[in-house]
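Colleague: To convert, count from 1 in the sequence shown and add 58; that's the working numbering.
C-beta: ideal position from N, C-alpha, C; glycine also.
There's a structure below that I have some questions on.
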Amino acid sequence: MKLTMTRPDDWHLHVRDNDALKYTVPFTARQFSRAIIMPNLNPPNTTTQQALAYRERIIAAIPKKNKLHSQFEPLMTLYLTDNTAAAEIETASKSSYVHAVKLYPAGATTNSDAGVTDLKKCYKVLAALQKHNMPLLVHGEVNDPAVDIFDREKVFIETVLLPARQAFPELKIVFEHITTRDAVDYVLSEDHYTAATITPQHLLYNRNALFKGGIRPHYFCLPVLKREEHRQALNVAATSGNAKFFLGTDSAPHAKNKKETACGCAGIFSAPLAIELYARAFDENNALHKLEAFASFYGADFYGLPRNTDTITLQKKDWIVPASYPFVDGPVIPLHGGETESWQLLS
Ligand code: DOR
Ligand code: ZN
Numbered sequence: 059m060k061l062t063m064t065r066p067d068d069w070h071l072h073v074r075d076n077d078a079l080k081y082t083v084p085f086t087a088r089q090f091s092r093a094i095i096m097p098n099l100n101p102p103n104t105t106t107q108q109a110l111a112y113r114e115r116i117i118a119a120i121p122k123k124n125k126l127h128s129q130f131e132p133l134m135t136l137y138l139t140d141n142t143a144a145a146e147i148e149t150a151s152k153s154s155y156v157h158a159v160k161l162y163p164a165g166a167t168t169n170s171d172a173g174v175t176d177l178k179k180c181y182k183v184l185a186a187l188q189k190h191n192m193p194l195l196v197h198g199e200v201n202d203p204a205v206d207i208f209d210r211e212k213v214f215i216e217t218v219l220l221p222a223r224q225a226f227p228e229l230k231i232v233f234e235h236i237t238t239r240d241a242v243d244y245v246l247s248e249d250h251y252t253a254a255t256i257t258p259q260h261l262l263y264n265r266n267a268l269f270k271g272g273i274r275p276h277y278f279c280l281p282v283l284k285r286e287e288h289r290q291a292l293n294v295a296a297t298s299g300n301a302k303f304f305l306g307t308d309s310a311p312h313a314k315n316k317k318e319t320a321c322g323c324a325g326i327f328s329a330p331l332a333i334e335l336y337a338r339a340f341d342e343n344n345a346l347h348k349l350e351a352f353a354s355f356y357g358a359d360f361y362g363l364p365r366n367t368d369t370i371t372l373q374k375k376d377w378i379v380p381a382s383y384p385f386v387d388g389p390v391i392p393l394h395g396g397e398t399e400s401w402q403l404l405s
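Spelled out as structure tokens, the structure:
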């Protein structure tokens, strides 16, 4: 069986920087036309000027064949801090290359130390985003050690998102990598200014995957995998045909030795087989006919960008995912590495 669809975009991606780019960018450029590039570098990308320089480094890592055929385009973002100036949003919106601003609650995840300590400190920036129609992308977890890690998304909705939404009713918000039924219900309860991305790992796996026969660091990401009931709610949302839910892989490579250690990094590397993972998830839901809009239409529509016009073709055919790929300072292990995948992208 074959499936031809409009070329998709990845609305949430980490490609890292410098030497890492030649290992990460080609995987995404092969499948996707565009990707929203996360700014959580060390130090973070907080200014338009930094984002434009980073964009050039990413473009230099696009293989020539993709430059010709798919014109892969990195869509840049800024990292919000307590000190971001509202004027920076004006500069960003004029640049035509910066498409959004990312909120990391301080300490919530990888390279988030410079993140926001209290969103109220950023309300002038949110006003500028609303004015310029630029989306705020949200890592939706509180970082309060007193809150159970499995409840941090739900508590974030109640304590951060609802007040911000009330203050800025026309601010475009993307609730990134949602993991719970609570997040699905919240997004459904809001109007068209709120949308959400969904990762392949949160569609395909529940938290049991983290502990199957022993601890499995390559299934650890943030927000962490949740219970089966939440996975099911995400699958219903992704395959519902509701334009508020679209594709964002959150592919986040860390070298094997940074994952397989006493304090392993959070992040799942899915870029080499991202669209195939989504095809498996939609197939398992008997919803392959809903994949194209989720992967290729709704994100572009939300960001106010044109839909892509070229296509990709997937084939239902078993293949073995490589157990590892080369990366800086040793190999990186992909999601589902060494296992059989049921869909394959034809190049
Ligand atoms: O698992 C994650 N990894 N979650 C994030 O929010 C950040 C990401 C990373 O950059 O490694
Ligand atoms: Zn991310």
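Rounded to a whole number of angstroms, what is the C-alpha to C-alpha distance between residue 133 and residue 259?
Modeller: Residue 133 sits at position 75 when you count from the first residue of the sequence shown. Residue 259 sits at position 201 when you count from the first residue of the sequence shown. So the two alpha carbons sit approximately 23 Å from each other.
Colleague: Among all residues, which have a Cβ less than 6 Å from at least one non-hydrogen atom of the ligand ZN, and in what chain order do they fall?
Modeller: Per the Cβ criterion, the list is 70, 72, 96, 308 and 310.
Colleague: If the criterion is Cβ atoms closer than 8 Å, does the pair residue 283 and residue 267 meet it?
Modeller: As a first step, residue 283 is located in the sequence shown; it is residue number 225 there, counting from the start. As a first step, residue 267 is located in the sequence shown; it is residue number 209 there, counting from the start. Contact: yes.
Colleague: Looking only at its chain, what residues have a beta carbon closer than 7 Å to the beta carbon of residue 164, apart from the 5 residues adjacent to it on each side?
Modeller: Counting from one through the sequence shown, the residue named residue 164 turns up at place 106. Here the set comprises 170, 171, 173, 174, 175 and 201.
Colleague: Report the three-state DSSP secondary structure of residue 250 (helix, strand or coil).
Modeller: Counting from one through the sequence shown, the residue named residue 250 turns up at place 192. Residue 250: coil per DSSP, three-state reduction.
Colleague: Among 352, 323 and 102, which one has its Cα closest to the Cα of residue 337?
Modeller: Your numbering for residue 337 matches position 279 in the sequence shown. Nearest C-alpha to residue 337: 352.
Colleague: Sorted by chain position, which residues of the same chain lie with C-beta nearer than 6 Å to residue 343's C-beta, five sequence neighbours on each side aside?
Modeller: Walking along the sequence shown from the start, residue 343 turns up at place 285. Once the five neighbours on either side are set aside, the close Cβ partners of residue 343 are 293 and 297.
Colleague: Do the stretch 302-313 and the stretch 327-334 make contact, defined as three or more Cβ pairs closer than 8 Å?
Modeller: Judged by Cβ distances under 8 Å, the stretch 302-313 makes contact with the stretch 327-334, as three or more pairs qualify.
Colleague: So, helix, strand or coil for residue 189, using DSSP?
Modeller: Sequence index remark: in the sequence shown, residue 189 carries index 131 (1-based). If DSSP states are grouped into helix, strand and coil, residue 189 belongs with the helices.
Colleague: Would you kindly check if the distance between the Cβ of residue 155 and the Cβ of residue 103 is under 8 Å?
Modeller: Here residue 103 refers to the residue found at position 45 when the sequence shown is read from its first residue. Here residue 155 refers to the residue found at position 97 when the sequence shown is read from its first residue. No, the Cβ-Cβ distance between residue 103 and residue 155 is not below 8 Å.
Colleague: Closer than 7 Å by C-beta to residue 83: which residues in its own chain qualify, once you throw out the five before and the five after it? Chain order, please.
Modeller: What you label residue 83 is simply residue 25 of the sequence shown in a count that begins at 1. If we look at residue 83 and ignore the five residues flanking it on each side, its Cβ neighbours are 73, 116, 119 and 120.
Colleague: Using a Cβ-Cβ cutoff of less than 8 Å, which residues in the same chain neighbour residue 98 once the five nearest sequence positions on both sides are dropped?
Modeller: Along the sequence shown, read from residue 1 onward, the residue named residue 98 stands at position 40. Excluding residues within five positions, the ones whose Cβ falls inside 8 Å are 72, 137, 160, 162, 167, 168, 169 and 170.
Colleague: DSSP three-state call for residue 269: helix, strand or coil?
Modeller: In the sequence shown, residue 269 corresponds to position 211, counting from 1. Three-state result, residue 269: helix.
Colleague: Straight-line CA distance for residue 393 to residue 85?
Modeller: As a first step, residue 393 is located in the sequence shown; it is residue number 335 there, counting from the start. As a first step, residue 85 is located in the sequence shown; it is residue number 27 there, counting from the start. Taking the straight line from one Cα to the other gives about 14 Å.
Colleague: Is residue 335 a contact residue of the ligand DOR, with contact defined as CB to any heavy atom under 7 Å?
Modeller: Along the sequence shown, one-based indexing puts residue 335 at 277. Answer for residue 335: no, Cβ out of range of the ligand DOR.
Colleague: For residue 250, tell me which candidate among 380, 231 and 373 has the shortest Cα-Cα distance.
Modeller: Along the sequence shown, read from residue 1 onward, the residue named residue 250 stands at position 192. Nearest option by C-alpha distance: 231.
Colleague: Would you identify the three-state DSSP class for residue 399, choosing helix, strand or coil?
Modeller: To locate residue 399, count along the sequence shown from 1; it is residue 341. Three-state result, residue 399: strand.
Colleague: Run the CB neighbour count on residue 315, radius 10 Å, all protein chains shown included, and call it buried at 16 or more, exposed below.
Modeller: Counted from its first residue, the sequence shown places residue 315 at position 257. When all chains shown are included, residue 315 counts as exposed.
Colleague: Alpha carbons only, please: which of 359, 368 and 340 is nearest the one belonging to residue 374?
Modeller: Locating residue 374 in the sequence shown gives position 316, counting from the first residue. Minimum Cα distance to residue 374 is reached at 340.
Colleague: Using a Cβ-Cβ cut-off of 8 Å (strictly less than) and excluding sequence neighbours within five positions of residue 228, which residues of its own chain qualify?
Modeller: Here the question's residue 228 lines up with position 170 in the sequence shown. The residues are 188 and 251.
Colleague: Between which two residues does the alpha helix (DSSP H) harbouring residue 210 extend?
Modeller: Here residue 210 refers to the residue found at position 152 of the sequence shown. From DSSP, the alpha helix (DSSP H) with residue 210 extends over 210-214.
Colleague: Answer with buried or exposed for residue 279, where buried requires no fewer than 16 other C-beta atoms within 10 angstroms of its C-beta.
Modeller: Stepping through the sequence shown from its first residue, residue 279 is reached at position 221. It is buried - the Cβ of residue 279 has at least 16 other Cβ atoms within 10 Å.
Colleague: Would you kindly work out how many angstroms separate the C-alpha atoms of residue 335 and residue 216, rounded to a whole number?
Modeller: Counting from 1 along the sequence shown, the entry for residue 335 is found at position 277. Counting from 1 along the sequence shown, the entry for residue 216 is found at position 158. Going from the Cα of residue 335 to the Cα of residue 216 covers about 32 Å.
Colleague: Ignore the nearest five residues each way along the sequence and tell me which others in residue 181's own chain have a CB closer than 7 Å to its CB.
Modeller: The residue given as residue 181 occupies position 123 in the sequence shown. Answer for residue 181: 225, listed in chain order.
Colleague: Taking the alpha carbon of residue 290 as the reference point, which residue from 242, 158 and 145 has its own alpha carbon closest?
Modeller: Position 232 of the sequence shown holds residue 290. Answer by Cα proximity: 242.
Colleague: How about residue 86: is its Cβ closer than 7 Å to a heavy atom in the ligand DOR?
Modeller: Residue mapping note: residue 86 aligns to position 28 of the sequence shown, counting from 1. Every heavy atom of the ligand DOR is 7 Å or more from the Cβ of residue 86, so no.
Colleague: Taking residue 342 as part of the alpha helix (DSSP H), name the residues at either end of that continuous run.
Modeller: For the purposes of this step, residue 342 is identified with residue 284 of the sequence shown, where counting begins at 1. Per DSSP, residue 342 belongs to the alpha helix (DSSP H) from 332-342.
Colleague: Compare the beta carbon distance of residue 281 and residue 237 with 8 Å and say whether it is the shorter of the two.
Modeller: Taking the first residue of the sequence shown as 1, we reach residue 281 at position 223. Taking the first residue of the sequence shown as 1, we reach residue 237 at position 179. Cβ atoms of residue 281 and residue 237: closer than 8 Å.
Colleague: Per DSSP, residue 278 forms a beta bridge with which residues?
Modeller: Sequence index remark: in the sequence shown, residue 278 carries index 220 (1-based). Answer by DSSP bridge pairing: none, since residue 278 is not bridged.
Colleague: Following the continuous alpha helix (DSSP H) through residue 288, name the residue where it begins and the one where it ends.
Modeller: Residue mapping note: residue 288 aligns to position 230 of the sequence shown, counting from 1. Here the alpha helix (DSSP H) through residue 288 covers 286-296.
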